[in-house]
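Protein chains in written order, with the numbering used here: chain G, 358 to 616; chain C, 5 to 294; chain H, 292 to 638. Heads up, the beta-carbon is just placed ideally off N, CA and C, and yes, glycines get one too.
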Amino acid sequence: MIQQLENLLQVSDINVSFGGLKALSNVNLSVPSNRVTAVIGPNGAGKTTLFNVISGFYSADSGSIQYEKMDLLTMPAHSRSKIGISRTFQNIALFPGMSVLENIKLGAHAQLKTNVFSAAIYLGSAAREERAISERIYDRLLNLLELEDYADRSISGLPYGIQKRIELARALAGEPKLLMLDEPFAGMNTAEKANMANHMRQIIERTNITVLLIDHDMESIMSIADSISVLNFGSLIASGTPSEIQKNPAVIDAYLGEE
Amino acid sequence: MNLFLEFSLVGIASGGIYVLSALSFVIVYKATNIFNFATGEMMMFGTYFFYVFDTQLGFGWIVGLAAGLTSAAILAMIIERVLLRPLLGRPHLVLIMVTFGVGSILRGLAGMIWGPTVRQLPEILPRTPIFIGDILLPGKLAWGFVIAGVIAALFMAYYKYSRAGIAIRATATDQITAESLGINIRGVFLLAWALAGVLAAASGIITASVNGVTPQLGLVALNVLAVVMLAGMNSVGGVILAGLFIGWIETVVGAYFGAAWQSFVPYLIVLLVMIVKPSGLFGEEKVERI
Amino acid sequence: MNQHTSFLRKKPKLDIFANPNAELVFWCIFAVGLMMVPVFGSAYFLYMACLVCINLVATVGLNITVGYAGLLSIGHSAFLGVGAYASALAFLHMGTPLALNIVIGAVSAFSVGLVFGLPALRIKGVHLAIATLAAQYSLYFIFQQWTSVTGGDRGLSLPKTDILGMGDTGFYYVVAFVALITSIAARNLFRTRIGRSFIAVREKDYAAQVLGINVVGVKLMAFGIGAAYAGIAGALLAAFLRIVNPDQFTLTSSVFFLAAVVVGGRGSILGAMLGAVFMTLMPEILREGISFAMGPEADMASVLSPLREIIFGALIVGFLIFEPRGLVGIVRRIMGHREVVDAGTGH
Ligand SMILES: Nc1ncnc2c1ncn2[C@@H]1O[C@H](COP(=O)(O)OP(=O)(O)OP(=O)(O)O)[C@@H](O)[C@H]1O
Ligand SMILES: [Mg+2]
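In structure tokens, the structure reads:
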């Protein structure tokens, strides 16, 4: 298969430290368009930190991050949604004070246009926009992720697996180009994992979305990732196709060292 | 120049009292992460406790002081145990609102019990002015400063070296780790509040020994907030410098621009600190974990 | 109707307001109720109704700031003061009409609010509470000391505003209309992305950022709207009482509004309405109670003002501990809803 891969996201020489701790050192990562790239590594390797730098939560000591020719590190955290970057969190970050539907609608916040004044009047454009986004979410997301029955439920009290799916739906509601998932399979049983992987495969097939995901579950990762990068103690120790990574001695070492 | 020196000394001396109530504030903030908007009212109520035992019940100032400070500690512990403890784990906003509500209750209670009139405290501190070179300092102010200094030093020593102080500091650094090391977190909370009650009462009594006590005494807490903001909310050492500084600048501004401007100093400092260095001069900034 | 919209009409689970039909009925009853007041009420009743409506506007505003956006403002009455003084001065010096005075009140309180809010809201944490406390005292101080403009302690006296030659009744209709419009407007915000962004910022600001919400901007907006509502209430208050003086805008009256928000129910427009009614009527009942208990010659002021501080404070503390959802929570419990208390971490 000879194909010129264009990188949607390019992480170059990123360094991050917290006090004395070096959380990321000279990390490089290419995320090709329309592919699934996975980041793995033992606990505390710096995977979530990498996501947080890309999201603009942590600032890097040095290095750069390019996304569609834009320099992400100079942009405020909240500007990423508008340019097509969305993510989920390792510890589910839904809003318990709102309904499931409202949570998912928030995923499209940056695409909606209602301002304070049109919202206060809520005639015409504001009402129309709300109706349109509700219908879009019902049509494209709720049935795809089997969430129809939960739309007007409150978040709290819903099972973990459902909450994970709601967060995925929220991340998709803005129709992102780059979807970053931090441990989407964590805390799930085998059936739930298979179900989640299935949902993800459907999403990847239907849209030309680029996925960057973190997880510990090798089986799930092998089944959906096109390429894998391995972090250990803040450094990138390997990257390649799933089968290459499986055979890589440094990777095996890193994981055995953990046990 | 001499006049300036005199204003400066008076200012620094009055700043000494701010240090005590700022310490009261910071100890609660460090140990429990609660921003105590009732600090001023705890100060005022502690002073009334002293007044009750000393003057109203006629026990004299030694018993009055012991009983007053003890009552202040008990009041603070009741606030922690009865009103705040049940709310642990609820949003931060809720805990802060509760301290704000408690402040209102205490102001009202004081107004109800002792009325709006000024109550004079007994003359414990000598009136005789103190001369430093040819600069004159009012006696009560100077002695008040000395006493505040001694109390602050005792507190610092306790905080640094006693087992309890170390437990408080461990809790302030990392609650979960402290708990796993076997530190009784709830005990630490209670102790921090008790200490805060004593510190606040002491600063209230010293303040009131000059002008007497009214239910409005707690309004100085606003100046104390300026101190805490300037120092950084979690800096025990910083509040000493900041307290003296605020006392100094207030007095100097008051002397040269008039009392009206003096009242604006704390607000201006609060706003300025927020704009220039929100974590304060000595406060530490943490990267929030996400 | 396709299946989606019919699904949207499913039975309410989160809010009384979740059912559009029930809500429409609610607002209609509310509007008709407001209209009927002058027909059935005495002069005193009309007076109280005006006061309730004015407090309602201020409370709905504070609930947007505190309840929905989770920003603690403890100097709300100072912003009422700004609205009251600004509109009174405009009226006295330029003879501006009431409608314009209301706008002036809103704009001036919004602008002054930004002066205090802007430095505080850039930072995470309780800084807004500190800044608004500073606003409370420094604005009071300005009202009191800037005698040449504000009239000092005596304040400003205003001539009567006559609306369409209807006297007090006419004025009441204006106040009631403003209360209705501002409540509906506030409710509408929470049907849209604007309201959702307030709640998101309250509950998890980092997640809000990922969703494209400018956290500082949203906080400023929520705080500014609260201040603007206070300014509207202040302008109405000035025209209603026809006197503006510093003692109307003390810390106690800020505690009053915070209590109204907590008692009614944080994060609920209906709650703000209930809270405003409850808190406006409570001191009246208190006054009656005291004069009944202590005889008509009792020294009202010296008992009533500390008693108010105690009761307002105790209501805040008591409701936060025992009924964090406020009166709305009680109403819902009676109607058989179960609810999670204070979900979210609210940094
Ligand atoms: N805000 C922070 N402040 C201080 N240290 C941090 C912060 N965030 C992360 N760290 C540290 O950085 C290192 C990397 O953490 P990170 O969360 O990125 O690991 P991870 O690879 O996601 O691990 P896991 O698989 O357990 O989620 C850890 O040692 C962690 O303690
Ligand atoms: Mg992680």
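Between which two residues does the alpha helix (DSSP H) containing residue i stretch?
i: Thr438(H); result: Thr438 to Thr441
i: Ser28(C); result: Asn6 to Thr36
i: Val67(C); result: Trp65 to Ile82
i: Lys404(G); result: Lys404 to Ser412
i: Pro311(H); result: Pro311 to Phe331
i: Phe603(H); result: Met591 to Phe613
i: Arg487(H); result: Arg484 to Glu494
Buried or exposed for residue i, going by 16 or more other Cβ atoms inside 10 Å?
i: Arg624(H); result: exposed
i: Arg487(H); result: buried
i: Ile210(C); result: buried
i: Glu616(G); result: Unreliable placement is indicated for Glu616(G), whose pLDDT of 46 sits below 50; the coordinate value is still reported in the next sentence. With fewer than 16 Cβ atoms within 10 Å of its Cβ, Glu616(G) is classed as exposed.
i: Ile136(C); result: exposed
i: Lys415(H); result: exposed
i: Gly458(H); result: exposed
i: Thr103(C); result: buried
i: Val323(H); result: exposed
i: Lys82(C); result: The amino acid occupying residue 82(C) in the given sequence is Ile; Lys does not appear at that position. The residue is exposed, with fewer than 16 neighbouring Cβ atoms inside 10 Å.
i: Asn354(H); result: buried
i: Lys331(H); result: In the sequence under discussion, the amino acid at residue 331(H) is Phe, which differs from the Lys named in the question. Exposed, because fewer than 16 other Cβ atoms sit within 10 Å of the Cβ of Phe331(H).
i: Gln603(G); result: exposed
i: Gln124(C); result: exposed
i: Val440(H); result: exposed
i: Ile320(H); result: exposed
i: Thr296(H); result: Reliability of the predicted coordinates at Thr296(H) is poor, the pLDDT of 42 falling under 50, and no value is obtained from them.
i: Pro219(C); result: buried
i: Val274(C); result: buried
i: Ser25(C); result: buried
i: Val373(G); result: buried
Just list the residues that DSSP pairs residue i with in beta bridges.
i: Ser513(G); result: Partner(s): none; Ser513(G) has no beta bridge.
i: Pro389(G); result: Asn364(G)
i: Ser456(G); result: Ser511(G)
i: Met537(G); result: Arg444(G) and Leu569(G)
i: Thr394(G); result: Leu569(G) and Ser584(G)
i: Asn589(G); result: Ser592(G)
i: Met427(G); result: Tyr424(G)
i: Ser402(H); result: Answer is none; Ser402(H) lacks a bridge partner.
i: Val217(C); result: Arg123(C)
i: Phe375(G); result: Leu378(G)
i: Ser419(G); result: Asn372(G)
i: Ser448(H); result: Ile534(H)
Please list the terminal residues of the continuous beta strand (DSSP E) segment that includes residue i.
i: Arg618(G); result: Any property of residue 618(G) remains undetermined from this structure, which presents chain G solely from 358 to 616.
i: Ala508(G); result: Here Ala508(G) belongs to no beta strand (DSSP E), and DSSP marks it neither H nor E.
i: Gly251(H); result: Residue 251(H) lies beyond the residue range present for chain H, which begins at 292 and ends at 638; the question has no answer from this structure.
i: Ser596(G); result: Ser592 to Gly597
i: Phe135(C); result: Ile134 to Ile136
i: Leu141(C); result: Ile139 to Leu141
Can you pull the chain C neighbours of residue i, defined as C-beta to C-beta under 8 Å?
i: His367(H); result: Those within 8 Å of His367(H) in chain C number zero; the least Cβ separation is about 12 Å.
i: Asn409(G); result: Ile294
List the residues of chain H that residue i touches, going by C-beta distances under 8 Å, in chain order.
i: Gly44(C); result: Within chain H, no residue comes near Gly44(C); the closest Cβ sits about 10 Å away, beyond 8 Å.
Along chain H, in chain order, which residues have C-beta atoms closer than 9 Å to that of residue i?
i: Thr471(G); result: Thr483, Arg484 and Ile485
i: Val122(C); result: None at all; the shortest Cβ gap to chain H is about 15 Å.
For residue i, which residues in chain G fall below 7 Å Cβ to Cβ?
i: Ile490(H); result: Phe452, Gly454 and Met455
i: Gly374(H); result: Going along chain G, no residue has its Cβ under 7 Å from Gly374(H), so there is no contact; the nearest lies around 18 Å.
Residues of chain G with CB under 8 Å from residue i, in chain order?
i: Asn505(H); result: Pro433 and His435
What does residue i touch in chain G if you count any residue whose Cβ is under 9 Å from its own?
i: Met385(H); result: The contacting residues do not exist; Met385(H) stays about 26 Å from chain G at best.
In chain H, which residues lie less than 7 Å from residue i when you measure between Cβ atoms?
i: Leu463(G); result: Arg487, Ala491 and Leu502
Checklist entry - Do the region 569-589 of chain H and the region 510-527 of chain H meet, that is, are 3 or more Cβ pairs less than 8 Å apart? => result no
Checklist entry - Should the region 602-613 of chain H be called in touch with the region 103-113 of chain C, which here means at least 3 C-beta pairs below 8 Å? => result yes
Next on the checklist: Whether or not the region 436-452 of chain G and the region 391-403 of chain G are in contact is what I'm after, with contact meaning three or more pairs of Cβ atoms, one per stretch, closer than 8 Å; do they touch?
Outcome noted: No contact exists between the region 391-403 of chain G and the region 436-452 of chain G.
Next on the checklist: Counting beta carbon pairs with one atom in the region 282-291 of chain C and one in the region 226-238 of chain C, are three or more of them shorter than 8 Å?
Outcome noted: In short, these stretches touch, since the Cβ pair count reaches three.
Checklist entry - Are the region 87-98 of chain C and the region 138-157 of chain C touching by the rule of at least three beta carbon pairs closer than 8 Å? => result no
Next on the checklist: I want to know whether the region 445-456 of chain H touches the region 378-391 of chain H - three or more CB-CB distances under 8 Å.
Outcome noted: yes
Checklist entry - Between the region 502-521 of chain G and the region 538-550 of chain G, do at least 3 Cβ pairs fall closer than 8 Å? => result yes
Next on the checklist: Assess contact between the region 15-24 of chain C and the region 193-202 of chain C, defined as three or more Cβ pairs (one per stretch) separated by less than 8 Å. Is contact present?
Outcome noted: no
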